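Remarks on the structure that follows.
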Amino acid sequence: MTRGATGAPVIERAGAAVSQTIRAAGRLVALLLRTLWGIARNTWLWTESWLLDNKVSLYGLSVTRILIGLTGVGLLLTNFSSRLYAFGSGSAWNGEGAEPVSDFPKIWIFSWFHRVAYDDVLFTTLYVVLLALAVMFVLGWRFKIVLPIYFVLWVSFIEMNDALGDQGDNMYRIVLLLLLFADPAARWSLDARRRAKNGFRTILPREISNLLHNLALVALTAQVIFVYVSGGLYKAGGDPWSGGYAVYNPLMTERFGTWPVLSELFTAWGPAVTAITWGSIVLQIAFPFMLLTRPTRILALAGIMSFHIGIGVLMGLPWFSLAMIGIDFIFIRDRTWKRMAGLARGAYRDGPSEWADQKEHAEG
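Residue 150 is where the sequence shown starts when you use my numbering, and the numbers rise one by one after that.
Quick look at the structure:
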């Protein structure tokens, strides 16, 4: 009886310990589920608010609009004297007039320039119309009407000669397509001035308009990140890049070494060439992660813009570089743009001392 009496309390204590352990585990699981539910709920509410309440990055997208438009204006002006030879009747020797390499001229809506390729007067007229649309694009005049027409004519024009295109043309098209769903004329445009006087009403409900704008911004961000990261990973697998001399090669060619003196100066010191080569790979791959905090975002934007300026100047690709820089400006916050605009207005309107005081106040 003693052994049985002794065993009973032991069993009871063991059972109580097991029950207590189960209850503690249940409370921990419940706490974990409540925590996860709270995180999911807060994330959903934040995402819903971010997507529907207001349009994000209005100033950044406006700067993108201006620089993308200037890219079009610059490309059209610099090619005006050679337009017929490069894209019109003078380019018939390449056979694209009869059998286009690109599929776009085979689609009726994108075949406007292809239809008039051998009529110099009509081709030039359409070219001037496209140039005028690019100027309207920059100014943000009746943007919702101008943009679709500009998009169609631009694709029709740029696909006339496949040999003259580059990857920048693809990015340009993608940006124009995404801007169809955004509102890049909400700031620093003639449309913005008209809205300030007469008000602005959208055809769609405000929440749907905000949703389309913000989703277009998300898609544009994803596209930029994909371009940089995929480009960095591709470079990392190539011998010239892993060897640290990839920057040297194009600058020594006649096609891309447009400024021989600058090219020689830039590549004179081997360690600098290697550092720039490897640094560009690291910068492109790390770019999305560097956007997460303000200090690293500033470093990433300064680095990537220096990268594009170098391409534009040293390799003679100014319009590609200008377009990419314009796209990267979406990562600068609206309050930063407003602060810079305030400093610029102060420098223009006030004297040097007043501008210095305003600059010191803004930095503080």
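For glycine and all other residues, C-beta sits at the position ideal for the given N, C-alpha and C. Quantities reported herein were computed from a predicted structural model and do not represent experimental measurements.
Check, Outcome
"Check whether residue 296 and residue 327 have beta carbons under 7 Å apart", "no"
"Buried or exposed (CB count within 10 angstroms, at least 16 for buried), residue 225", "buried"
"Cβ-Cβ separation, residue 282 to residue 294 (assumed contact under 8 Å), whole Å", "Not really, about 10 Å apart at Cβ, beyond 8 Å."
"Cβ neighbours of residue 340 in the same chain (closer than 6 Å, five flanking residues each side left out)", "289, 292, 334"
"Length-filtered (4 minimum) alpha helix (DSSP H) runs lying within the segment 377-449", "388-391, 397-400, 409-415, 419-439"
"Residues near residue 359 by beta carbon distance below 8 Å, same chain, minus five either side", "200, 201, 202, 203, 204"
"For residue 150, the three-state DSSP class (helix, strand or coil)", "With a pLDDT of only 44 at residue 150, under the threshold of 50, the placement of this residue in the model should not be trusted, and no figure is reported."
"Neighbourhood of residue 239 by C-beta distance below 6 Å, restricted to the same chain and skipping five residues each side", "233"
"Beta-carbon gap between residue 483 and residue 453 smaller than 7 Å", "no"
"Residue 213 versus 402, 164, 320, 269, residue with shortest Cα-Cα distance", "320"
"Residue 206 and residue 479 closer than 7 Å at C-beta", "yes"
"Residue burial classification, residue 513 (beta-carbon count within 10 angstroms, cutoff 16)", "Residue placement at residue 513 cannot be trusted, given a pLDDT of 43 that sits under 50; what the coordinates show is reported in the next sentence. Result: exposed."
"Proximity winner among 178, 167, 435, 403, relative to residue 380 (alpha-carbon distances)", "435"
"Residue 400 and residue 463 closer than 7 Å at C-beta", "yes"
"As assigned by DSSP and simplified to three states, the class of residue 120", "The structure shown does not extend to residue 120, since the chain spans only 150 to 513, so no value can be given for it."
"Helix, strand or coil at residue 468 [DSSP, three-state]", "helix"
"Contacts around residue 169, its chain only, beta-carbon distance under 7 Å, and the 5 residues preceding and following it disregarded", "none"
"The segment 304-313 contacting the segment 242-261, beta-carbon criterion three pairs below 8 Å", "yes"
"C-beta atoms of residue 218 and residue 286 nearer than 7 Å", "yes"
"Spatial neighbours of residue 487 in its chain, beta-carbon cut-off 8 Å, leaving aside the 5 residues before and after", "208"
"Span of the alpha helix (DSSP H) around residue 305", "292-307"
"Other residues of its chain near residue 215: CB distance less than 6 Å, five sequence neighbours each side excluded", "287"
"Three-state class that DSSP yields for residue 138 in the structure shown", "Outside the shown range of the chain, which is 150 to 513, sits residue 138, and nothing can be said about it."
"Presumed contact (8 Å Cβ cut-off) between residue 303 and residue 237, rounded CB distance", "About 16 Å; that fails the 8 Å criterion."
"Own chain partners of residue 405 with C-beta closer than 7 Å, once the 5 adjacent residues on each side are dropped", "399, 464, 465"
"Beta-carbon spacing of residue 444, residue 374 below 7 Å", "no"
"Residue range of the alpha helix (DSSP H) that includes residue 326", "316-328"
"Buried or exposed (CB count within 10 angstroms, at least 16 for buried), residue 151", "Residue confidence is low: residue 151 scores 48 on pLDDT, short of 50, so the model does not pin down where it sits. Its coordinate-derived value is still stated next. Exposed: under 16 other Cβ atoms inside 10 Å."
"Residue 473 classed as buried or exposed, judged by whether at least 16 other C-beta atoms fall within 10 angstroms", "buried"
"Buried or exposed by the 16-neighbour rule on C-beta atoms within 10 Å, applied to residue 198", "exposed"
"Rounded C-alpha distance that separates residue 407 from residue 421", "20 Å"
"Cβ-based burial, residue 173 [other Cβ within 10 Å; buried from 16]", "exposed"
"As assigned by DSSP and simplified to three states, the class of residue 286", "helix"
"Three-way DSSP call (helix, strand, coil) for residue 512 in this model", "Here the model assigns residue 512 a pLDDT of 48, short of 50, so the residue's position is not dependable and the matter cannot be decided."
"Terminal residues of the alpha helix (DSSP H) in which residue 335 lies", "Unbroken run through residue 335: none, as it is neither H nor E."
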